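**Student:** Dumping the structure here so I can ask a few things about it.
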Amino acid sequence: MNKKPTLTTILIVLFLSILFINFFLNNKTQKTIISNMIKDVSYLSSDDLEGRKIGTKGEKLAAEYIVEKFKQYDLIEKGIDGYYQYFNASIRENPHSRVIKNKVQGINVIGFIDNKMKETIIIGAHYDHLGFGGPGSLFLDSMQIHNGADDNASGVSVLLSLIPELSRHKIYNYLFIAFSGEEQGLFGSSFYAKNPTIDLENVRFMLNFDMVGRLSQDNILAINGTGTSSKWKKLLQDVNIDNFNLRTSESGTGPSDHTSFYLQNIPVLHFFTGQHQDYHKPTDDVDKINFKGMYKITKYVKNIILKSSKITDFDFKETVSSTTITPKFKVTLGIMPDYLFDGVGLRIDGVSKDRTAFKAGILKGDIVLSMGGDEVNDIMQYMKALSKYKIGDSTSVKLLRKSDTIQVPVFFFK
Ligand SMILES: [Zn+2]
């Protein structure tokens, strides 16, 4: 009864085995990456690190953890003192004062893979956070540890996961930078961009991960900076095999570290899974992190980098907001904008207690349509409108609340 297997049978068996081995290996890589991510975020956002504020013991412990990882992966030291690059920052210590500033020293952690290629890709993420709160915090009841799991242990972990993923692909050199001082005003990235340890002329682009741990069920991924090269939009679509629901914005400037590199005429992207209730509060904890989502983002970014090498002339483009003067704010409304809102106006995602908007009766979910005589169609226009006021001024804000349009008088107090 024993029949000799035909060539077709052999080929089918062979094919299925390859599929199986491939699936098994992929699955194993995914498991390894996710289990490393859980370790990274759990440690970095643990109470032991006391919120990783610049200039504190917690910042140093986090920096040491990143150094251990860089060593494991044999990265070349690209700081000034080993992997470290020190910088000074003046930070506001007292939330009630604009004057009293504290001088602190922060640490950037920098590692390099030198493949002797002409071009380098920079991967960045800030590892500092708000410590026990104070300026920048949206939790004003008492001083508590702000663990910053999403902001930005998640970004650091994606950066670390990309090291072994990219090291096999010798198409670029890769520079990995974990920044500090981001929360107090992009101090670390700004210092690096002005005091680089590689030639920035040869940098093809910079990718920034800031808050990538909350991928929602609808798969919404915000990518900012898509106007900084004419090549981004097609590239981002071409490798979008996991069907991310992309929300792109063109501007190269924004409230995170990619801005510092954009200002050096480098194409940038900022990856962001969106704003949430726990933003800048002690409740931004590891149990709310979507690790599978972080894995998907890591895979997506790896594919973006690999595919980008097929593009010959990766140009830099200035985006609109950079030509206008950066607005200087003398006042704030004390609201949190919904960065993922894509309708007309500025949707409010949160209102800080006892601040201007709160006192004017503005609510979470309201959409700002205009302020004084200025139309507000998006965040940029909102910032521009806001920059015209100073403490003591009053104005009228037009809001859409559910289906009603209402006018609310606002007084900007200290
Ligand atoms: Zn952040």
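Numbering (our numbering), first residue to last: 138 to 551. We put the beta carbon where it would ideally sit given N, CA and C, even for glycine. As the structure is a computational prediction, the values presented were derived from the model and not from experiment.
(1) Quick check: is any heavy atom of ligand 1 less than 6 Å from the C-beta of aspartate 347?
(2) Return the CA-CA distance between leucine 406 and isoleucine 360, expressed in angstroms with no decimal places.
(3) Looking at C-alpha atoms only, which residue of Gly480, Lys371 and Ile434 is the closest neighbour of isoleucine 448?
(4) Is asparagine 380 buried or exposed, if buried means 16 or more other CB atoms sit within 10 Å of its CB?
(5) Quick check on aspartate 479: does DSSP put it in helix, strand or coil?
(6) Got a sec, what are the start and stop residues for the beta strand (DSSP E) histidine 263 sits in?
(7) When you compare each of Phe276, Leu148, Ile170 and Tyr223 to lysine 490 by their alpha carbons, which one comes out closest?
(8) Kindly identify the DSSP beta-bridge partner or partners of methionine 473.
(9) Tell me whether the beta-carbon of aspartate 251 lies closer than 7 Å to the beta-carbon of isoleucine 191.
(10) Closest to phenylalanine 550 by C-alpha separation, out of Val468, Ile504 and Thr143, would be which residue?
(11) Quick check: what's the CA-CA separation for arginine 341 versus leucine 144?
(12) Along the alpha helix (DSSP H) that carries glutamine 518, what are the first and last residues, could you check?
(13) Determine the direct distance from the alpha carbon of aspartate 515 to that of glycine 389, and round the result to whole angstroms.
(14) Taking the Cβ atom as the reference point for each residue, do glutamine 544 and serine 533 lie within a distance shorter than 7 Å?
(15) First and last residue of the beta strand (DSSP E) that includes histidine 124?
(16) Who are the near neighbours of arginine 538 in its chain, counting only those whose CB is closer than 6 Å to its CB and skipping five residues on each side?
(17) Are the Cβ atoms of glutamate 387 and glycine 364 separated by less than 7 Å?
(18) Can you check which of these residues, Ala226, Thr385 and Asn332, is closest to serine 317 by C-alpha distance?
(19) Label phenylalanine 313 either buried or exposed according to how many other C-beta atoms from any shown protein chain fall within 10 Å of its C-beta, with 16 as the threshold for buried.
(20) Are the CB atoms of glutamine 281 and proline 419 nearer to each other than 7 Å?
(21) Flag this pair as yes or no: are the beta carbons of methionine 508 and alanine 522 separated by less than 7 Å?
(22) Is any heavy atom of ligand 1 found at a distance shorter than 6 Å from the C-beta of asparagine 245?
(23) Between the alpha carbons of isoleucine 258 and leucine 198, how many angstroms are there, rounded?
(24) Would the region 423-430 and the region 172-184 be scored as touching if the rule is three or more Cβ pairs under 8 Å?
(25) Alpha carbon to alpha carbon, how far is tyrosine 329 from glycine 219?
(26) Does DSSP classify tyrosine 223 as helix, strand or coil?
(27) Quick check: what's the CA-CA separation for leucine 186 versus aspartate 287?
(28) Would you kindly report the start and end of the unbroken beta strand (DSSP E) that includes isoleucine 504?
(29) In chain order, what residues of the same chain have a beta carbon less than 6 Å from the beta carbon of aspartate 511, not counting five sequence neighbours either side?
(30) What are the uninterrupted segments assigned as beta strand (DSSP E) that are 3 or more residues long and contained completely in the region 140-180, given in chain order?
(31) Among residues of its own chain, excluding the 5 on either side of proline 301, which ones have a beta-carbon nearer than 7 Å to its beta-carbon?
(32) From glycine 529 to valine 488, what distance separates their C-alpha atoms?
(33) What's the gap between the Cα of aspartate 422 and the Cα of glutamate 455?
(34) Bridge partners of asparagine 382, per DSSP?
(35) State the DSSP-derived secondary structure class of isoleucine 308, mapped to helix, strand or coil.
(36) Should glutamate 320 and glycine 273 be called a contact, given that it needs their Cβ atoms to be closer than 7 Å?
**Tutor:** Put simply:
(1) Under cutoff, so the answer is yes.
(2) Near 6 Å, if we compare the C-alpha coordinates of isoleucine 360 and leucine 406.
(3) Residue Lys371 is the option with its Cα nearest to isoleucine 448.
(4) Asparagine 380 comes out exposed.
(5) Coil, per DSSP.
(6) Start and end: 257-263.
(7) When each option's Cα is compared against that of lysine 490, the closest is Phe276.
(8) Gly487, per the DSSP bridge assignment.
(9) Result no, Cβ atoms of aspartate 251 and isoleucine 191 do not sit closer than 7 Å.
(10) Among Val468, Ile504 and Thr143, the Cα nearest to that of phenylalanine 550 is on Val468.
(11) Put simply, the backbone Cα of arginine 341 is about 49 Å away from that of leucine 144.
(12) It spans 516-523 - the alpha helix (DSSP H) in which glutamine 518 sits, taken as one unbroken run.
(13) Each residue's Cα considered, the two are about 16 Å apart.
(14) The answer is yes: Cβ separation under 7 Å.
(15) Residue 124 is absent from the structure shown; the chain starts at 138 and stops at 551.
(16) Cβ neighbours of arginine 538 beyond the five flanking positions: Asp503.
(17) Contact flag set, yes.
(18) Of Ala226, Thr385 and Asn332, the residue nearest in Cα terms is Ala226.
(19) Phenylalanine 313 counts as buried, since no fewer than 16 other beta carbons sit within 10 angstroms of its beta carbon.
(20) Less than 7 Å divides the Cβ of glutamine 281 from the Cβ of proline 419.
(21) For methionine 508 and alanine 522, yes; Cβs fall inside 7 Å.
(22) No, since every heavy atom of ligand 1 falls outside the 6 Å radius drawn around the Cβ of asparagine 245.
(23) When rounded, the distance between both Cα atoms is 27 Å.
(24) Touching, yes, given that three or more Cβ pairs across the two stretches are closer than 8 Å.
(25) When the Cα atoms are used, tyrosine 329 and glycine 219 turn out to be separated by approximately 15 Å.
(26) Tyrosine 223 carries a strand assignment under DSSP once its states are collapsed to helix, strand and coil.
(27) Looking at the two C-alpha atoms, the distance is approximately 15 Å.
(28) In the DSSP assignment, isoleucine 504 falls within the beta strand (DSSP E) that extends over 504-508.
(29) Here the set comprises Ala522.
(30) Within the region 140-180, no complete beta strand (DSSP E) run reaches 3 residues.
(31) So the list reads Tyr210, once near-sequence residues are dropped.
(32) Between the alpha carbons of glycine 529 and valine 488 lies a distance of about 20 Å.
(33) Rounded to the nearest angstrom, the gap between the Cα atoms of aspartate 422 and glutamate 455 is 37 Å.
(34) Partner(s): Ile357.
(35) Judged by DSSP in its simplified three-state form, isoleucine 308 adopts coil rather than helix or strand.
(36) Result yes, Cβ atoms of glutamate 320 and glycine 273 sit closer than 7 Å.
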